[in-house]
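*Asks:* Per my numbering: the first sequence = residues 1 to 429.
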Amino acid sequence: MSSKFAAPKGVSEYLPPRSVIFDYICRGLRIPALAAGYELIELPIFEDTELFTRGVGTSTDVVSKEMYTFEDRAGRSLTLRPEGTASVIRAVIEHGLDRGALPVKLFYQGPFFRAERPQAGRYRQFYQFGIEAIGSDDPYLDAEVISIAYHGYRKLGLKDFELQITSLGDSESRFTHRRDLDSLISRLDLDEETSQRAQKNPLRLFDDKREEIRIAMSSAPLLLDYLSKESRENFDQVKAALDSLQIPYRVNPKMVRGLDYYTGTTFEFVHKGLGAQSAIGGGGRYDGLMEVLGGSKLSGIGFGLGIDRILLALEAEAKSGQSLPGELRYVDLYVIGLGDKARSKCFTLVDSLRKEGFVVEQNFGNRAIKGAMKAADKSGARFTIVLGDRELQSESVGLKEMSTGAVTSVRLDALAKVLAEKSSGLKKI
RNA sequence: GUGGGCGUAGCUCAGCUGGUAGAGCACCCGGUUGUGGUCCGGGAUGUCGCGGGUUCAAUCCCCGUCGCUCACCCCA
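1) When you compare each of Arg76, Glu83, Gly75, Ala74 to Met67 by their alpha carbons, which one comes out closest?
2) Quick one: any contact between the stretch 39-53 and the stretch 96-115, if contact means 3 or more CB pairs under 8 Å?
3) Quick one: what's got a C-beta closer than 6 Å to Glu356's C-beta in the same chain, skipping five residues either side?
4) Run through DSSP, which three-state label would Pro44 get?
5) Can you give me the C-alpha to C-alpha distance between Ser296 and Ser195, rounded to a whole angstrom?
6) Going by beta-carbon coordinates alone, are Ala133 and Leu242 separated by less than 8 Å?
7) Please check the pair Gln164 and Ala276, which I expect to be a contact at CB under 8 Å, by giving their CB distance rounded to whole angstroms.
8) Take Leu51 and list the residues in its own chain whose beta-carbon comes closer than 6 Å to its own, dropping the five residues that flank it on each side.
9) Which residue's Cα is closest to the Cα of Ala216: Asn252, Leu349, Arg187, Arg382?
10) Near Gly306, which residues of its chain fall below 8 Å by C-beta distance, leaving aside the five closest residues on each side in sequence?
11) Verify whether the separation of the beta carbon atoms of Tyr153 and Ser12 is less than 8 Å.
12) Locate the alpha helix (DSSP H) running through Tyr153, then write down its first and last residues.
13) Thinking C-alpha only, which one of Phe46, Glu71, Asp170, Ala101 is nearest Leu80?
14) Taking the alpha carbon of Met290 as the reference point, which residue from Ala318, Asp308, Ile93, Leu203 has its own alpha carbon closest?
15) Residues in its own chain within less than 8 Å of Tyr362 by CB, not counting five upstream and five downstream?
16) For the alpha helix (DSSP H) that contains Arg367, what are its first and last residues?
17) Which of the three DSSP states, helix, strand or coil, is assigned to Ala376?
18) What are the boundary residues of the alpha helix (DSSP H) that includes Gly55?
19) Can you grab the Cα-Cα spacing for the pair Phe364 / Phe22, in whole Å?
20) Measuring CA to CA, which of Phe358, Glu71, Val386, Asp137 is closest to Leu298?
21) If we count the other Cβ atoms within 10 Å of its Cβ and call it buried at 16 or more, is Glu211 buried or exposed?
22) What does a CB cutoff of less than 8 Å around Ala313 pick up in its chain, not counting 5 residues either side in sequence?
23) Report, in whole angstroms, the separation of the C-beta atoms of Asp332 and Phe269, which I expect to be a contact under 8 Å.
24) Considering only DSSP beta bridges, list what Leu163 is partnered with.
25) Less than 7 Å between C-beta atoms, sequence neighbours within five positions excluded: which residues of the same chain meet that for Leu141?
26) Look at the alpha carbon of Asn234 and the alpha carbon of Glu421, and state the distance between them as a whole number of angstroms.
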């Protein structure tokens, strides 16, 4: 019970059979990205701390209190990556990827780290799948990026989620809006902590869950009403493009994104079955980020999808009737050898069957057949092959179809052919 | 950082107003000398999170502590 070691607080671990679903999610999400010509980028897990303080912004909670920062032996300050976009942009600039065809289209996946208090769907080590498209401000690109996330979720079989979108407009739009919003907030009677938060980013108050704040904010000016003509037209084009793909969305002018680099189109996917941390993914456009990080003045857009939360969402939907997608485990054949000679024969037989592409497990430990059959049953194998002294004599095997229990004797030299005949239903890998 | 809930078998949990522990599932063995699932019989496993206090006696009450969990803040 009280084992000496436990995983560090708040990290997500995935063991079988859940790990199979985790893998299924990772593979599923990248399909729409690959279909749109995005390419994999593998990034470091830690980066120069300054990349995040400058890229994500010191006013964000992520940077100000949630980073795992440490010094290496040469005294450099490094930080476990709390998000992916800054790293992608850094790599694009460092390697001059933006000097080729634009937009640069990349996807990534892996662990991220934030030193927060863990709760349902929020971990200190969590996993994201993300894409970034850099070097175009075409509203169709906004819609494409959103559609890739949307189709990813659908590919996995997710249903009970909502896409929310809004636009943060250009800097003039935000400037005039903020002036009006600040003047409203300054008239509110806020506690110290809240007013400090409001100073950093007044939009955050739209997200506050306290009743009195929500009432006070209900009359607050909405950024969406302050968009310049150009920004508004751009947002309308994004919406029209989504409409043309029949991707449902809800415009949520009070949506708040946590990272300060967002401009223009921003969006979030929210799942109903999740509890307090309901966002299963989100993203948006970032006009100034490339420049802030020392690159050229290119606009980009991307998203990050929370794999941990998608897994929770799939489980939540499974609970309410849907079955979990995909086969959790698949085995074609289970091979049992009885006795030393037969086991030696089986060991090579298993190897050759795998080379033919079958998923094959074998029995270990020279168990009695009863226990071995039990293990075969548990493996989920569709067929079990039994080979003992009798079969060795006749150069055959016993082939048992597990669903019916029928056993047939098959000559060894005909085994591959017989299995091939039966394998119309077998899933070779 | 703040607040609530919970720590009993590998897992999920029960344990009435204090008398040193149980169920289901899983696991192992047998009923079936070479054939799984169902059924029947048998079996192993716990420092009752840790430390202290009250008491003749604490899994149960009190205090502390650690851990988990949910929520706030914030976010994927």
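Think of the CB as a built atom: it goes at the ideal place given N, C-alpha and C, for glycine as much as any other residue.
*Replies:* Result, derived from the coordinates:
1) Among Arg76, Glu83, Gly75, Ala74, the Cα nearest to that of Met67 is on Glu83.
2) Two segments are said to touch when three or more pairs of C-beta atoms, one from each, lie closer than 8 Å; by this definition the stretch 39-53 touches the stretch 96-115.
3) The beta carbon of Glu356 is closer than 6 Å to none in its chain, skipping five residues each way along the sequence.
4) Three-state result, Pro44: coil.
5) One C-alpha to the other measures close to 36 Å.
6) Their beta carbons are not under 8 Å apart, which means Ala133 does not touch Leu242 by this criterion.
7) Rounded, the Cβ-Cβ distance is 16 Å, inconsistent with contact.
8) Same-chain partners within the cutoff: Ala86, Arg90.
9) Checking every option, the nearest Cα to that of Ala216 belongs to Arg187.
10) Here the set comprises Gly121, Phe126, Tyr127, Gln128, Ala279, Ile280, Gly281.
11) Note that the C-beta distance between Tyr153 and Ser12 is not below 8 Å.
12) Start and end: 139-156.
13) Among Phe46, Glu71, Asp170, Ala101, the Cα nearest to that of Leu80 belongs to Phe46.
14) The shortest C-alpha separation from Met290 is found at Ile93.
15) Checking the sequence, you will find Gln at residue 362 rather than Tyr. Apart from the 5 residues on each side of it in sequence, Gln362 sits with its Cβ closer than 8 Å to the Cβ of Tyr334, Val335, Ile336, Gly337, Cys346, Phe347, Val350 in its chain, given in chain order.
16) Note, Arg367: premise wrong, no alpha helix (DSSP H); not H, not E.
17) Three-state result, Ala376: helix.
18) First-last of the alpha helix (DSSP H) with Gly55: 49-55.
19) Separation of Phe364 and Phe22 (C-alpha to C-alpha, rounded to the nearest whole angstrom) is 28 Å.
20) Proximity to Leu298 across Phe358, Glu71, Val386, Asp137 peaks at Asp137, based on C-alpha coordinates.
21) Exposed.
22) Listed in chain order, the non-local C-beta contacts of Ala313 below 8 Å within the same chain comprise Leu158, Asp160, Phe161, His271, Gly273, Leu274, Ile280, local neighbours out to five positions each way being set aside.
23) Incorrect: roughly 37 Å between the Cβ atoms, too far for contact.
24) Partner(s): Phe269.
25) Cβ within range, chain order: Pro103, Ala133, Ile301.
26) Cα-Cα distance, rounded: 58 Å.
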